[in-house]
Structures are given as structure tokens and as C-alpha cells.
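All remarks here apply to the structure that follows.
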Amino acid sequence: MISAIQYVFSSISSSFYDVDERLPILSVSLGGKSWGFFGFDVLLWIQLLVIISIFEVFSVVMATITYYVIIPRRGSLLSYLIGFGFIIPMCAFYFPFFVLDALDVRNKLMRFCGGSIYPVITMFHTSEAMFGFSPPSVEASLSNYILYYAAVVDVQYDTSHKPIKATMDDTMKLLKSAGYYAFMLSCFQSIFGPIGYEPFHTNANGNEPGFKLEHFYDFNLFRNNIISTILLQLYLSTFLALLSAIVTIKYKVKVREWIMNDPLLSSASPSDFWSGRWNLVIHGALKRGVFKPIYKISSNKFVAVMGTFLFSGLLHEYILIVIHPPHLNFKPSLGKETAFMMWNAGLICIEVLIGHLTIFSWIKNHLPKPLVSILVICTAMPVAHWFLHPISKSDMLTVHGTMAFPMIKLIE
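Residue 44 is where the sequence shown starts when you use the working numbering, and the numbers rise one by one after that.
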């Protein structure tokens, strides 16, 4: 079976997509330099869809096992043995690495989409099943439960626990959203790509070991972190919108429209940013799969919040390992993702302690919402390079990801 998949995968394209080999569709001379317009690589997208399909099938198999073995025996020793002893280890330690290495996937964007979407979501859903926190309706039937795993994004259900059918307007709205984000990402990459997404000079490198105090007041680093954050948001928004559109077309069901809820310009507080605006797919999975089980066991909200952010940090460390295997010649600095998440956990704790003070109420009620949101974002920017640089200092977004979208760039 794996040999057949290897043959199909390699027959799509002989390129590993670790180097941008696209030729310009159009080129112009400007300022003594040649600039070209490059289209997106169709074959890269086909290979990406093949990888995602493989992991989708894997998740459906895990969903079936969970539905017939774990859910009927929820709370029993057998359910925990199957969940923690088989399904979660398969998702985290075996299947992603086996498939990606067997297919010799070198494009880091493909490795991210394959190894960290379905396997990660499947782990969360398994935890939900074991502790009894799956959303209403998904356990009503096997088909609902399989759809829950296969869709990744949140499907909407009616009062009889049946998926709501998507209309043509629903589908077109999602396609327009995906097209909008893809266009904005292409423009952003065309503007900031030639300068490496770091227009302001700084010697700081968050992918190096250790934490340096001078980085906290490095204003150029601060500004570069904002640009990298926008780039990351555009990538996540684009791919989540595309995934939502694909799910709607493929399964003909209605999904939640907003997955990125304008986090950079509408966040009222750190807790609002993380719980209601940034990557709501992962937020929901973390809430049901980590926060609620910890709170159920500990009966302590502080412990549950800190445990959730700790797990989120470790999860992002795991994703770095999936994206950057040793043979791809980039070593991410592990530990920084977790440190960044714990910083934000600390901010939320501070918010709980002093957020009721008059000055913060005045700020929320009198300052423009985008300005309030910028102030919220600024609380994380001094250390955002801990999270961003292990990604941005590799070529995942700056080279491997650019081939998936049209852009204008310098012809060397």
C-alpha cells in the first residue's frame, strides 16, 4: 500500500518543493532590477491534497475506534488504555513521521499541514471522548462522529442533531473569504518577502538558546515581531478558510464562518484574544480536550488555565519537530514556544487580578477598539520572537510556503 502511495505521490511531481523553482509569468525592469510575477504551483497543491487525504483517512479510522470502543466505555480503564495507550501515541509519535518520511516530504508547509492538523485534532477529540466533553450532536451517530473528525472545522447541527446543509450562498461566502485571504497573503509576501519580513535591523534571534534581557526593549525587534505575526495570521486565515470551503463543498454541510475573528484589531483583552479570536479551531479543541478534563480532575480554574497553556506550548514544540526533522538541516530552538505560552498565561492571570481596575474599564470604554487591541497585542510582542523565530528563521513561510501563492518578487 505505502509503495503505491509513494508511486502516486512522486508521479505528481518530481520536485521536493524545498527550493522555489518557479519561472516568472511576467517580468519588468524597475530601478535597475528585474521583478517577476510568479503564479502558484498547481502540482504542489495536488501533492498537499494527497497528504491531507491520507491523514484524513487515518483520522476517520481513529474516530471509528473511538466511537465503538471508548465512548461506550467512557471512564473505564479500557477506554483510557485505548486512548492514552494506542490512539494518542499513534497520532503523536508514529503515523505522522512514518507517512511524511516514507513519502520523503521535504516541503515544510506540507509537513505542517499533514503532520499537525488531523493528528493533533484527533488527539484532542480522543481526550474529549474519554472525559465526556465532545460537543453536543457529534456522538448522536457514527456518521456525525466521523464527520467531526474529517471536517476539523466546526460543523453546525440542527435541533435533531443532523448537520445543517450548506447553501450555495454559504459555499460562495467561504470561497470569497479564502480568495480574499489568499490575495492579502500574496500582497503581503510580495511587499515584505524581498526584505525577509524583517525591515528593521536587529541582532535578536529567538531561535538561539537562552533568553536575553535586552530583547525586551529592542524596538526594532518589536516591530519585526508585529510583521511576522501578521504573516502568520494571514497563513492561518488562508488555510483555515480554504479548509472550511473544501469541507462545505465535499460534505455539503454548513460550518462556522469565522475561525480567525479579527484578533489583531478587535481584541479587548489577552483572554479575549486567546479565547474568542485567535484560531478558534484550536481554541475549541484545547478547551474541550485539555482545559475541561484538567478542571474536572483538579476543580481549580487556575490549574486548568496554566495546564492548558503549558500543553499548548508543548504542542507547538511537537509541531516544530514534525516540520523540522534532522535531515532538513534546520534545528529549531525547543522550549521557546512553551515559554511564550506561559508568558501569555501569566498575562491572563494578571488580567484576572487587576482587570477590574477603573483605568482598564476607561480604556475599553473610551479608546477606539483597534487601539485597545493594539495595546493588548503589545503585551505579547516583546517576547513574540520566542514563538515566531523558530518558524520564521527557517524557510517554511519564506520559501516553502510562498510557492503555494502568486507573488511578485525579485528575479535573481
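Glycine included, every Cβ here is placed at the ideal spot set by N, Cα and C.
Counting other Cβ atoms within 10 Å of its Cβ, His409 stays below 16 and is therefore classed as exposed. Around the beta carbon of Ile340, fewer than 16 other beta carbons lie within 10 angstroms, which makes this residue exposed. Going by DSSP, Val71 is part of no alpha helix (DSSP H) but of the beta strand (DSSP E) stretching over Leu69 to Leu73.
Around the Cβ of Gly236, a 10 Å sphere holds 16 or more other Cβ atoms; the residue is buried.
Cα atoms of Gln90 and Leu143: separation of roughly 12 Å, rounded to the nearest angstrom. Taking C-beta separations shorter than 8 Å and ignoring five residues to either side along the sequence, the partners of Thr381 in its chain run Leu353, Gly356, Leu357, His359 and Glu360, following chain order. Counting along the chain, the unbroken beta strand (DSSP E) around Met450 starts and ends at Met450 to Leu453. The segment 189-197 makes contact with the segment 86-106, as at least three CB pairs between them are under 8 Å. The beta carbons of Ser416 and Ser310 sit closer together than 9 Å.
Note that the C-beta distance between Val290 and Val198 is below 9 Å. Between the alpha carbons of Lys293 and Lys208 lies a distance of about 12 Å. Lys295 is positioned such that its CB atom lies no closer than 9 Å to that of Phe373.
Note that the segment 415-429 touches the segment 255-274; at least 3 beta-carbon pairs, one per stretch, sit closer than 8 Å. When the Cα atoms are used, Val365 and Ser404 turn out to be separated by approximately 43 Å. Each of Thr445, Pro139, Thr245 and Leu92 was checked against the Cα of Ser159, and the nearest Cα belongs to Pro139. Out of Leu377, Asp305, Lys344 and Phe448, the CA that lies nearest to the CA of Lys412 is found in Asp305. Between the alpha carbons of Leu121 and Gly332 lies a distance of about 19 Å. Boundaries of the beta strand (DSSP E) around Gly79: Lys76 to Phe81. Distance from the CA atom of Gln232 to the CA atom of Pro252, rounded to whole angstroms, is 28 Å.
Ala135 and Met166 have their C-alpha atoms roughly 8 Å apart.
Here His370 is exposed: its Cβ has fewer than 16 other Cβ atoms, across all protein chains shown, within 10 Å. Three or more beta-carbon pairs separated by less than 8 Å are not found between the segment 167-183 and the segment 81-98, which leaves the two stretches without contact.
From the listed residues Ser184, Lys344 and His443, the smallest Cα separation to Ser203 is found for Ser184. Non-local beta-carbon contacts of Phe155 in its own chain, meaning distances under 8 Å to residues more than five positions away in sequence, involve Ile362, Val365, Ile366 and Met439 in chain order. Around the beta carbon of Leu73, fewer than 16 other beta carbons sit within 10 angstroms, so the residue counts as exposed. Met450 places its beta carbon less than 9 Å from that of Phe80. In the displayed model, Tyr200 falls within a strand according to three-state DSSP. In the three-state DSSP reduction, Pro206 falls in the strand class (E or B). The three-state secondary structure of Val100, taken from DSSP, is helix. In this structure, Asn150 places its C-beta atom within 9 Å of the C-beta atom of His443. Taking C-beta atoms as the reference points, Phe448 and Phe59 fail to come closer than 9 Å. Listed in chain order, the non-local C-beta contacts of Arg116 below 7 Å within the same chain comprise Ser122, local neighbours out to five positions each way being set aside. For Thr214 and Arg299, the gap between their C-alpha atoms comes out near 12 Å. Taken atom to atom, the span from the alpha-carbon of Asp63 to that of Ile454 is near 12 Å. Contact annotation, Met227 with Leu277: C-beta distance approximately 6 Å; criterion of less than 8 Å satisfied.
Around the C-beta of His399, fewer than 16 other C-beta atoms lie within 10 Å, and the residue is accordingly described as exposed.
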